[in-house]
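> Would you mind keeping the following structure in view while I ask a few things?
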Amino acid sequence: MNILTKLTIIVILSLSCQVDQSKSLNQRWTKEKANAWYDAQKWINGFNYVPSYVGNTTEWWENPLDTSIIERELCWAQDLGYTSARVFLQYIVWKKDPESFKKNFSLFLKLAASKNISVMPVLFDDCAFGVPPQLDPYLGKQREIIPGMILSNWTPSPGQTLGTDANEIPHLKNYVEDILDTYGDDERIIMWDLFNEPMNASKVGTPAFITRLFEWAREINPIQPLSIAIWSEEVDETLNKVILEHSDVVAFHLYSDHVHMSKKIASLKKYERPIICTEWMARPAGSNFKTDLPLFKSEHVAAYQWGLVNGKTQCQYPWWNKPGGEVHSAGWFHDILYTDGTPYRQAEIDFIKSFTAFE
Numbered sequence: 000m001n002i003l004t005k006l007t008i009i010v011i012l013s014l015s016c017q018v019d020q021s022k023s024l025n026q027r028w029t030k031e032k033a034n035a036w037y038d039a040q041k042w043i044n045g046f047n048y049v050p051s052y053v054g055n056t057t058e059w060w061e062n063p064l065d066t067s068i069i070e071r072e073l074c075w076a077q078d079l080g081y082t083s084a085r086v087f088l089q090y091i092v093w094k095k096d097p098e099s100f101k102k103n104f105s106l107f108l109k110l111a112a113s114k115n116i117s118v119m120p121v122l123f124d125d126c127a128f129g130v131p132p133q134l135d136p137y138l139g140k141q142r143e144i145i146p147g148m149i150l151s152n153w154t155p156s157p158g159q160t161l162g163t164d165a166n167e168i169p170h171l172k173n174y175v176e177d178i179l180d181t182y183g184d185d186e187r188i189i190m191w192d193l194f195n196e197p198m199n200a201s202k203v204g205t206p207a208f209i210t211r212l213f214e215w216a217r218e219i220n221p222i223q224p225l226s227i228a229i230w231s232e233e234v235d236e237t238l239n240k241v242i243l244e245h246s247d248v249v250a251f252h253l254y255s256d257h258v259h260m261s262k263k264i265a266s267l268k269k270y271e272r273p274i275i276c277t278e279w280m281a282r283p284a285g286s287n288f289k290t291d292l293p294l295f296k297s298e299h300v301a302a303y304q305w306g307l308v309n310g311k312t313q314c315q316y317p318w319w320n321k322p323g324g325e326v327h328s329a330g331w332f333h334d335i336l337y338t339d340g341t342p343y344r345q346a347e348i349d350f351i352k353s354f355t356a357f358e
């Protein structure tokens with residue numbers, strides 16, 4: 000074998016190694032990597048955040064942020080010991096003006112970081128509420144709030160029409176790539192929730208779409224873990240299988256009492272990955288801060304309650320209310336503060352503050 004042949008083989012092997020290394024970077028995190036990431040975090044006690052002055056994500060991100068309200072509300076969260084906020088983004092606002100959208104989101108990240116609160120962005124969402132449910136988001140003035148109903152003008156992202164249009168796929172991909180490329184190494188972001196409750200009302204998050212979504216995100220290879228929460232056992236089994244096969248950490252939603260929450264956590268331990276409850280806390284469903292927060296912490300499970308300040312989302316009402324409905328006899332469905340910062344239940348606030356004071 001002559002020297003030229005040897006050099007050719009070395010170059011080919013080198014290029015092959017580079018390709019293999021590149022591929023390995025774009026794969027799902029190993030259990031070891033996921034657990035090492037999680038072990039480096041303090042226990043995460045978070046909340047799902049929607050500013051009290053908006054009713055949905057278009058109203059939030061299309062307009063200039065009311066920084067005075069957001070900063071005040073995040074300050075209340077910090078004082079209570081919360082360390083992370085899960086926030087929903089809106090595709091159509093990005094599509095209208097990506098730079099303006101990112102300017103707003105960057106400002107929010109800055110406000111949250113100033114309160115030592117990390118952020119978990121949600122890129123897509125299949126949820127819709129109200130009468131009738133709004134299956135498509137739209138720009139401009141949003142529908143008026145319907146008294147007595149939770150999230151009465153909430154809209155999904157990207158919505159049924161755009162999400163099922165094959166011609167929209169390249170734009171949806173560009174959105175994912177742009178957001179993750181811009182913020183994929185931003186340490187103010189703790190993890191990415193790629194899709195909230197796929198195959199809920201607008202039916203966009205099919206197994207095929209979710210598989211493609213993870214592929215798009217992996218191409219960017221952010222420093223933060225990727226995940227989608229298991230939210231229902233009644234959706235297609237294939238969907239949950241796809242989610243669990245692609246997620247770096249195991250996320251779930253559960254609004255229940257202490258016993259059912261304990262059983263759910265135990266059932267997820269088999270995956271040997273970090274467990275994140277990205278939605279919990281509904282008083283009429285049996286949720287209780289005094290039992291559930293100690294459970295999450297003792298089981299090393301990160302937890303994001305639904306809500307903080309009660310505002311235009313009207314999360315004091317249960318999901319099943321019709322227009323003009325009342326607050327449940329067990330109390331507010333979600334949220335813990337009035338818009339002026341007054342506690343809904345002082346005993347809950349006292350417990351949360353005392354429990355998080357040891358962190």
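Here the sequence shown is numbered in numbering that gives the first Met the number 0, starting from 0 and rising by one per residue.
By construction, the Cβ of each residue, glycine as well, lies at the ideal position given by its N, Cα and C atoms.
In three-state terms, what does DSSP make of Ser99?
The residue given as residue 99 occupies position 100 in the sequence shown. In the structure shown, Ser99 sits in a helix (DSSP, three-state: H, G or I).
> Report the CB separation of Leu110 from Thr66 in whole angstroms; it is logged as a contact under 8 Å.
In the sequence shown, residue 110 corresponds to position 111, counting from 1. In the sequence shown, residue 66 corresponds to position 67, counting from 1. About 6 Å separates the two Cβ atoms, so the contact holds.
> Report, in whole angstroms, the separation of the C-beta atoms of Asn43 and Thr82, which I expect to be a contact under 8 Å.
By one-based count along the sequence shown, residue 43 stands at place 44. By one-based count along the sequence shown, residue 82 stands at place 83. Per the sequence shown, residue 43 should be read as Ile rather than Asn. Correct: roughly 6 Å between the Cβ atoms.
> Any idea what DSSP makes of Met260, helix, strand or coil?
On the sequence shown, position 261 is the one that residue 260 refers to. Of the three classes helix, strand and coil, the one that applies to Met260 here is helix, per DSSP.
> Determine which residues share a DSSP beta bridge with Gln141 and list them.
Here residue 141 is taken as the residue at index 142 of the sequence shown, counted from 1. Beta-bridge pairing links Gln141 to no other residue.
> Please work out which residues of its chain come closer than 7 Å, Cβ to Cβ, to Pro322, disregarding the five sequence neighbours upstream and downstream, and give them in chain order.
The residue labelled residue 322 in the question sits at position 323 within the sequence shown. These residues qualify, in order along the chain: Val130, Ile145, Pro146, Gly147, Met148.
> When DSSP labels each residue in this structure, what does Ile188 get in the three-state scheme?
As a first step, residue 188 is located in the sequence shown; it is residue number 189 there, counting from the start. In the structure shown, Ile188 sits in a strand (DSSP, three-state: E or B).
> Per DSSP, what are the beta-bridge partners of Met119 in this structure?
The residue labelled residue 119 in the question sits at position 120 within the sequence shown. BP columns for Met119 point to Arg85.
> Consult DSSP for Phe107 and reduce its assignment to one of helix, strand or coil.
Against the sequence shown, residue 107 aligns to sequence position 108. Helix at Phe107.
> In this structure, how does DSSP classify Asp124 when only helix, strand and coil are distinguished?
For the purposes of this step, residue 124 is identified with residue 125 of the sequence shown, where counting begins at 1. Looking at Asp124 - three-state DSSP - the assignment turns out to be strand.
> If you scan the stretch 315–355 from start to end, which runs of the alpha helix (DSSP H) of 4 or more residues do you find wholly inside it?
Here the runs fully enclosed are 345–355.
> How long is the line joining the alpha carbons of Lys289 and Ser297, rounded to whole angstroms?
What you label residue 289 is simply residue 290 of the sequence shown in a count that begins at 1. What you label residue 297 is simply residue 298 of the sequence shown in a count that begins at 1. Straight-line Cα distance between these residues: approximately 13 Å.
> Any idea if His259 is buried or exposed, counting beta-carbon neighbours within 10 angstroms, 16 or more meaning buried?
Counted from its first residue, the sequence shown places residue 259 at position 260. So His259 ends up on the exposed side.
> Tell me the residue span of the beta strand (DSSP E) that contains Asn44.
As a position in the sequence shown, residue 44 is number 45, starting the count at 1. Note, Asn44: beta strand (DSSP E), 44–47.
> For a test of the three-state rule: what should DSSP assign to Thr29, helix, strand or coil?
Here residue 29 corresponds to residue number 30 of the sequence shown, with the count starting at 1. Coil, per DSSP.
> Measure the C-alpha to C-alpha separation of His170 and Ala127 and round it to an integer number of angstroms.
Along the sequence shown, read from residue 1 onward, the residue named residue 170 stands at position 171. Along the sequence shown, read from residue 1 onward, the residue named residue 127 stands at position 128. If you take the alpha carbons of His170 and Ala127, they lie about 22 Å apart.
> Report yes or no: do the stretch 302–314 and the stretch 45–54 share at least 3 C-beta pairs separated by less than 8 Å?
Verdict: yes, contact present.
> Please classify Ala200: does DSSP put it in a helix, a strand, or coil?
For this step, residue 200 is matched to residue 201 along the sequence shown. Correct three-state label for Ala200: coil.
> Answer with buried or exposed for Asn238, where buried requires no fewer than 16 other C-beta atoms within 10 angstroms of its C-beta.
Along the sequence shown, read from residue 1 onward, the residue named residue 238 stands at position 239. Looking at the sequence provided, one finds Leu at residue 238 rather than Asn. Buried: at least 16 other Cβ atoms inside 10 Å.
> Rounded to whole angstroms, how far is the Cβ of Leu294 from the Cβ of His257, which I believe are closer than 8 Å?
For the purposes of this step, residue 294 is identified with residue 295 of the sequence shown, where counting begins at 1. For the purposes of this step, residue 257 is identified with residue 258 of the sequence shown, where counting begins at 1. At roughly 6 Å, the Cβ-Cβ gap stays under 8 Å, so Leu294 and His257 are in contact.
> Out of Lys240, Ala281, Arg282, Glu232, point me to the one whose CA is closest to Lys263's CA.
Within the sequence shown, residue 263 is the residue found at index 264, counting from 1. Of the listed residues, the one whose Cα sits closest to Lys263 is Glu232.
> Which of helix, strand or coil does DSSP assign to Ser156?
As a first step, residue 156 must be located in the sequence shown, where it is residue number 157. Residue state, collapsed to three classes: strand.
> Would Ala346 be called buried (16 or more neighbouring beta carbons within 10 Å of its own) or exposed?
Looking up residue 346 in the sequence shown gives position 347. By the 10 Å Cβ count, Ala346 comes out exposed.
> Between the C-alpha atoms of Thr338 and Met280, what's the straight-line distance to the nearest angstrom?
Position 339 of the sequence shown, counting from 1, holds the residue named residue 338. Position 281 of the sequence shown, counting from 1, holds the residue named residue 280. One C-alpha to the other measures close to 19 Å.
> Using 8 Å as the Cβ pair cut-off and three pairs as the minimum, do the stretch 78–95 and the stretch 57–65 touch?
The stretch 78–95 vs the stretch 57–65: in contact.
> In its own chain, which residues sit with a C-beta less than 6 Å from the C-beta of Pro221, not counting the 5 before and 5 after it?
Position 222 of the sequence shown holds residue 221. Around Pro221: Leu179, Gly183.
> Between which two residues does the alpha helix (DSSP H) containing Gln40 stretch?
Taking the first residue of the sequence shown as 1, we reach residue 40 at position 41. That residue, Gln40, is in no alpha helix (DSSP H); it is neither H nor E in DSSP.
> With distances taken Cα to Cα, identify the nearest neighbour of Ala112 among Phe123, Ser99, Asp185.
Counting from 1 along the sequence shown, the entry for residue 112 is found at position 113. When only C-alpha atoms are compared, the closest one is Asp185.
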